[in-house]
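The opening residue of the sequence shown carries number 0 in numbering that gives the first Met the number 0; numbering runs sequentially from there.
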Amino acid sequence: MKYFSDLLVDLLINQGIEYVCFNPGASFRGIHDSLVHHPDPAVPAILMCCHEEISVAMAHGYYKASGKQMAVLVHANIGLQHASMAIFNAWCDRVPLLVLGGNGPIDAALRRPWIDWIHTSQSIDKILSGYTKWTDMPVSQAATLESVQRALKLCAAEPHAPCYVAIDSAVQEESLANGLSLPAGPVRPERLPALDDQQLAELVTQLMSAQHPVIAIDYAALDDQQAEQLLGIASLTGAAVISRNGRYNVPNTHPLVFQDHDAHLLGECDFLLALEVQDLYGLLANSGQKPHPGLYIATLGTHSLLISSWVADSQKLVCADLALHANVVASIARIAEAVQASAERRDSTAQALVNERIARITAHKQVRRQALLAQVTQPADGLTIAQALIAIHEAIGHQRWVLTNTGSVTIDTLVRQLWPIDRSEAYIGMSGGAGLGYGLGAAIGAAVAHKGTGRLSVNLQSDGDLLYTPSALWTLSAYDIPLLVLVINNRLYLNSKQHAERIADLRHRPSDLSNLGTSFLENEVDFVALAKTFDLYSPGSADTPAAIQEKIADCLAYMETHGKPALLEIKTL
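Spelled out as structure tokens, the structure:
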């Protein structure tokens, strides 16, 4: 006999979904049983987690590393509430999660005493209404099948975002209805077109006539070929490129590429092309200079097509001179062709100006680089985060490493300044919603995506974030997911300590109490012992550059020999 939950698993197989992640719960026991007993060898593999926040974060990181979906199952209203924080991160990060939740039975006559009643919610999906693209709570087999298909279609259409479908537990367990079947092929989302001819002409005219053009890029997620096209545009126009931390877009080793913390370049900018930039006002305001009085702003992307009335992630409004909604990747290819054609018609005087601009930007980057290195290599009373990151890179630089998580704003900023990030798989951005608890789960999910590729998955894991979801180490260890976890342990919630210092200073109060309620100094966490609790290999702790390199070499040897993860604690200031 075939059950409706068997058909739902057939649908996941048809979509090419390779993994399903969940913490087990009775409200989706029908789907769970179908996954376990499905005869198709292509059935998605189960990755069990100890918390729904970990499950969602794993799917989040997996998607950003692979471009594919990992389905997430959550248990009734309680599992959904646990998952909600991680779903919020994915919303802010524009990641197309497929979240399927158990519920019910909605038919009260079918409920078991007590437990089915407290774990059944009317309009259960409304919990997520402010930070999902679409949700539904169907109550029949046909409606449920259609809703899951719609969720697959909508979440993967630009702009990306999570979708959630509540699946009635009683409906899951019903015998399959006569005549109900799947479509012939996978569900496919609509795709936005590239810029049309008129839009392209207007944009390129402004770009080619600018004296100090700047291209800012954030959530476009370019691959290496697309990055080369964008850098070709920059080289032909003499434009500086500001790459923000939403995704990898362009190699930071290129002489025209700067990070968002180098946004002072915008002070002289007279033309700004913003590609999938969410916080355009923040980019301009953080430049430290007033915008050029004649600044022309062109935006290209999809961010403004998906706005929540619940969370203010739309950011402060900036009215662009030219606002374009189109597929960024396809549009970059068209812009590159048009810029190439225009540059070939350029006279020698105009070309000389472009060459001079490129030389000046390149020299400026070199000066900034030298100043940064001089700053971070200054002697200190202990190991700084910057010194730790330099030592880590020296230890793994011979490997084809990929960063599956960059821990915190502090770590992320420094690693993008100090490491050569020049491959599209090397960096996947941060959490999107700045919600702690993301890092370890996302890193594990990304490591699943890289498993078997020969790449070294590296998690630069902040200590405070890890303590939100330490049980993720169980999943990491249980499934032998090859991930090098480097716990950057400063024994602080550093951002909170900095805020404590600022507010004390503003109020003319002493700041020497800023560790109270922001640090772990009263009871330091032993992350090495924590790792061993989950049967995870750890060579111990390191607090000098030499020790970091020695113990990372130990970790790498273990991982290569055993094909298992390893954890190293790095104690910093």
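Every residue, glycine too, gets a C-beta built ideally from N, C-alpha and C.
Taking the straight line between their C-alpha atoms, what separation do you get for residue i and residue j?
{"i": "Pro469", "j": "Ser476", "result": "12 Å"}
{"i": "His37", "j": "Thr474", "result": "23 Å"}
{"i": "Glu393", "j": "Ser234", "result": "31 Å"}
{"i": "Leu485", "j": "Gln460", "result": "6 Å"}
{"i": "Val527", "j": "Leu230", "result": "43 Å"}
{"i": "Thr376", "j": "Ala385", "result": "8 Å"}
{"i": "Leu508", "j": "Pro188", "result": "The sequence given here has Arg at residue 508, not Leu. Arg508 and Pro188: Cα-Cα distance of roughly 56 Å."}
{"i": "Gln68", "j": "Leu11", "result": "10 Å"}
{"i": "Leu271", "j": "Leu144", "result": "45 Å"}
{"i": "Gly29", "j": "Ser168", "result": "7 Å"}
{"i": "Ile306", "j": "Ala322", "result": "16 Å"}
{"i": "Glu549", "j": "Glu424", "result": "26 Å"}
{"i": "Glu500", "j": "Asp195", "result": "52 Å"}
{"i": "Leu520", "j": "Leu491", "result": "8 Å"}
{"i": "Thr405", "j": "Asp9", "result": "36 Å"}
{"i": "Ile241", "j": "His302", "result": "18 Å"}
{"i": "Ala108", "j": "Leu175", "result": "21 Å"}
{"i": "Asp346", "j": "Lys563", "result": "59 Å"}
{"i": "Ala358", "j": "Cys268", "result": "16 Å"}
{"i": "Thr134", "j": "Ala448", "result": "27 Å"}
{"i": "Gly539", "j": "Thr517", "result": "25 Å"}
{"i": "Gly381", "j": "Ala541", "result": "12 Å"}
{"i": "Arg110", "j": "Asp421", "result": "56 Å"}
{"i": "Pro104", "j": "Gln277", "result": "40 Å"}
Taking a contact to mean a Cβ-Cβ separation below 9 Å, would you say residue i touches residue j in this structure?
{"i": "Ala546", "j": "His59", "result": "no"}
{"i": "Ile216", "j": "Leu127", "result": "no"}
{"i": "Val353", "j": "Thr236", "result": "yes"}
{"i": "Cys154", "j": "Leu191", "result": "no"}
{"i": "Ala565", "j": "Leu529", "result": "no"}
{"i": "Ser4", "j": "Gln171", "result": "yes"}
{"i": "Tyr437", "j": "Ala85", "result": "yes"}
{"i": "Phe21", "j": "Ser65", "result": "no"}
{"i": "Gly444", "j": "Arg399", "result": "no"}
{"i": "Leu265", "j": "Ala319", "result": "no"}
{"i": "Asn488", "j": "Ile569", "result": "yes"}
{"i": "Leu567", "j": "Leu466", "result": "no"}
{"i": "Val414", "j": "Asp462", "result": "no"}
{"i": "Val19", "j": "Gly100", "result": "no"}
{"i": "Cys162", "j": "Lys132", "result": "yes"}
{"i": "Gln198", "j": "Ala325", "result": "yes"}
{"i": "Trp309", "j": "Tyr130", "result": "yes"}
{"i": "Leu206", "j": "Thr361", "result": "no"}
{"i": "Pro544", "j": "Ala297", "result": "no"}
{"i": "Ser2", "j": "Ser33", "result": "Here residue 2 turns out to be Tyr, not Ser, going by the sequence shown. Closer than 9 Å, so yes."}
{"i": "Ser430", "j": "Asn494", "result": "no"}
{"i": "Leu72", "j": "Ala379", "result": "no"}
{"i": "Leu472", "j": "Leu439", "result": "yes"}
{"i": "Lys63", "j": "Ile410", "result": "no"}
{"i": "Val147", "j": "Leu7", "result": "yes"}
Which residue comes first and which comes last in the beta strand (DSSP E) that contains residue i?
{"i": "Ala165", "result": "162-167"}
{"i": "Thr134", "result": "133-135"}
{"i": "Tyr130", "result": "No beta strand (DSSP E) contains Tyr130, which DSSP labels as neither H nor E."}
{"i": "Val35", "result": "No beta strand (DSSP E) holds Val35; the alpha helix (DSSP H) holding it covers 28-36."}
{"i": "Tyr295", "result": "295-299"}
{"i": "Leu99", "result": "97-102"}
{"i": "Ala565", "result": "565-570"}
{"i": "Ala108", "result": "Careful: Ala108 lies outside any beta strand (DSSP E) and carries neither H nor E."}
Locate the alpha helix (DSSP H) running through residue i, then write down its first and last residues.
{"i": "Val353", "result": "347-375"}
{"i": "Thr637", "result": "The structure shown does not extend to residue 637, since the chain is modelled only from 0 through 572, so no value can be given for it."}
{"i": "Phe3", "result": "3-13"}
{"i": "Cys154", "result": "140-154"}
{"i": "Glu343", "result": "327-343"}
{"i": "Ala552", "result": "544-561"}
{"i": "Thr403", "result": "Careful: Thr403 lies outside any alpha helix (DSSP H), inside the beta strand (DSSP E) at 400-404."}
{"i": "Tyr280", "result": "279-284"}
Indicate, with yes or no, if the ligand GDP has a heavy atom lying under 8 Å from the CB of residue i.
{"i": "Lys496", "result": "As far as ligands go, the structure on display features none, and thus does not contain the ligand GDP."}
Which runs of the alpha helix (DSSP H) fall wholly inside the stretch 410-467 and span at least 4 residues, in chain order?
Runs found: 438-449, 462-465.
Is it a yes or a no for the stretch 77-93 touching the stretch 134-142, going by three-plus beta-carbon pairs under 8 Å?
no
Counting pairs of Cβ atoms below 8 Å between the stretch 170-186 and the stretch 117-133, do you hit three or more?
no
Scan the stretch 170-230 and note each continuous alpha helix (DSSP H) run of 4 residues or more that stays entirely inside, going in chain order.
Counting only runs of 4 or more, we get 196-208.
Say whether the stretch 540-560 touches the stretch 360-370, bearing in mind that this needs 3 or more beta-carbon pairs closer than 8 Å, one atom from each stretch.
no
What are the complete alpha helix (DSSP H) segments, minimum 4 residues, inside the stretch 47-86?
51-65
Pair every Cβ in the stretch 236-249 with every Cβ in the stretch 216-226, then say whether three or more of these pairs are closer than 8 Å.
yes
In the stretch 238-270, which residue ranges form an unbroken beta strand (DSSP E) of at least 3 residues, counting only runs that do not cross its ends?
239-242, 256-258
Please list the segments of the alpha helix (DSSP H) lying wholly inside the stretch 462-526, counting only runs of 4 or more residues, in order along the chain.
Whole alpha helix (DSSP H) segments, 4+ residues: 462-465, 471-477, 493-505.
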